[in-house]
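Trainee:
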Amino acid sequence: MMWSGSLQALIVFTSMLMAHTLHSFPQTFRVGKEDGEVTLTCSTQFQGTVTWRHDDDPVPASGYNVMSGHTLRLHGLDSEGSPGNYTCWGNDQLLDHSYLVLEEEEEEEEEDEEEGEEDEEGSSSVRLSCSAKTYSCSFHCIWRLTGYDVARVKHQRSEANGGSSWDLGTWMQDGFHFHLSDLSSPFTEEDRPIRLTAEALSGQRYKKQQLRFFLREIIEPDAPEIKDCVRTGDSLHVSVEPPSSWAKPHSYFPLEPEVEYEYKDDGKIERSMNLVIPKDITRLRVRARDPYFNSSWSKWTPWKKVKKGRKVNGQRKKSIRC
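The sequence shown maps to residues -24 to -1, 1 to 298 in mature numbering (1 follows the signal peptide of the UniProt record, and there is no 0).
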């Protein structure tokens, strides 16, 4: 029958609603606003009288529910009674269906302006942020959002190229995670930002948020590697290498390291952008960033103890274990 496909989709979607959890975005849904109005259309070739149901209840004609032909206009939407599944019927047969949710206020932010900001309670529970470990074709986003069942994102470099398809997020303890790809070459200068759109849905609510950023603005390298320490006089020369995940060649994609160290005598901790530091220290660690665009710092390496080298032929080696 003509309506069997719609009926099958409705049965599947209704079963998800009965479990109070959505596992994917419904094929057809409409978004309204609190105290606003929305028009639902019954997409069908049926020529007779169309009736409507909200979940299992008939929709009566009233000043709030205006029916005209194949449309139903809902006025005065409210979060308690309006959201749900709306179906249209003809001769007791299902013709079409659409799910209605109410949206929260849309947010758009610049990724670099919001970096590290928190609300008054020190929480970033609704923050959408992205990061990339290097200049490659992939980046990661996390939406620290609660109270929603599913979330998805899509991104594009310009409005002309049409963007990518939707990517469904994976829920983890700290929010929805997305692993995304960008086809730009790391050797090409970015002239257009990435425009990212995110949507989240629950049984009653819809939320949309947008970000705009250049890949260079979200770089956060992995922690570098401490290779060795060489004592020269009263100084210690620390040798640092980029992480294995960092772009190559390193001469074209340099990293700027910073070292943090603890003095042996008084336990005082200092930092230096110079890798030549005092030798009388007990431990050190390093981090790195892209010096050209002042990217986010990588995480610190674990603390490493600094020990004197062993004596060889009566002389102490310059290499120090760290």
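Idealized CB from N, CA, C, for every residue including glycine.
#1: Got a sec, what are the start and stop residues for the beta strand (DSSP E) TRP147 sits in?
#2: Check whether the Cβ atoms of ASP68 and ILE118 lie closer than 9 Å to each other.
#3: If we ignore side chains and look at the alpha-carbon of each, how far apart do VAL282 and LEU144 end up?
#4: Which residue comes first and which comes last in the beta strand (DSSP E) that contains LEU187?
#5: Relative to the C-alpha of SER215, which residue among GLY12, MET249 and MET43 is closest?
#6: If ILE170 and PHE154 are in contact, beta carbons under 8 Å, what's the gap, nearest whole angstrom?
#7: Can you tell me which residues form a DSSP beta bridge with CYS113?
#8: Three-state secondary structure (DSSP) at ARG133?
#9: May I ask which residues mark the beginning and end of the beta strand (DSSP E) holding residue 302?
#10: Going by C-alpha distance, which of VAL77, PRO36 and ASP167 is nearest LEU53?
#11: Keeping to the same chain, check which residues put their C-beta closer than 7 Å to that of SER274; ignore five residues upstream and five downstream.
#12: So, helix, strand or coil for ARG29, using DSSP?
#13: Going straight from the alpha carbon of CYS106 to that of SER272, what length do you get?
#14: From LEU260 to ARG207, what does the alpha carbon distance come to, in whole angstroms?
#15: By DSSP's criteria, PHE154 is part of a beta bridge. Which residues make up the other side?
#16: Look at the Cβ atom of PHE5, then the Cβ atom of TYR75, and state whether they are nearer than 9 Å.
#17: Could you check what DSSP says for GLU238 in three-state terms: helix, strand or coil?
#18: Which of the three DSSP states is assigned to ARG103 in this structure?
#19: Just to confirm, is the Cβ distance from TYR124 to ARG181 under 9 Å?
#20: Within a Cβ cutoff of 7 Å, which residues of the same chain sit near SER19, ignoring the five residues on either side of it in sequence?
#21: When the Cα atoms are used, what is the spatial distance from LEU212 to TRP279?
#22: Which word fits TYR268, buried or exposed, when buried means at least 16 other C-beta atoms lie within 10 angstroms of its C-beta?
#23: Which partner residues does GLN69 have in the DSSP bridge list?
#24: Which same chain residues end up closer than 8 Å to LYS9 when comparing Cβ atoms and leaving out the 5 residues on each side of it in sequence?
#25: In chain order, which continuous runs of the beta strand (DSSP E) of length 3 or greater are located wholly inside the region 193 to 220?
#26: GLU79 by DSSP, collapsed to three states: which one?
#27: Using DSSP's beta-bridge definition, name the partner residues of GLU175.
#28: If we ignore side chains and look at the alpha-carbon of each, how far apart do ASN270 and THR122 end up?
#29: Where does ILE245 land, buried or exposed, given buried means 16+ other C-beta within 10 angstroms?
#30: Which residue comes first and which comes last in the beta strand (DSSP E) that contains ASN41?
Mentor: Inspection of the coordinates gives the following:
#1: 146 to 148
#2: no
#3: 47 Å
#4: 181 to 189
#5: MET249
#6: Going by Cβ atoms, the distance from ILE170 to PHE154 rounds to 13 Å, so no, they are not a contact pair.
#7: BP columns for CYS113 are empty, so no partner.
#8: coil
#9: Outside the shown range of the chain (-24 to 298) lies residue 302, about which nothing can therefore be said.
#10: VAL77
#11: GLU196, PRO197, ASP198, ALA199, PRO200, ARG263, ALA264 and ARG265
#12: strand
#13: 12 Å
#14: 14 Å
#15: CYS117
#16: yes
#17: strand
#18: coil
#19: yes
#20: ASP72
#21: 16 Å
#22: exposed
#23: GLY66
#24: LEU53, LEU78 and GLU79
#25: 201 to 208 and 211 to 217
#26: strand
#27: ARG128 and LYS184
#28: 32 Å
#29: exposed
#30: 41 to 44
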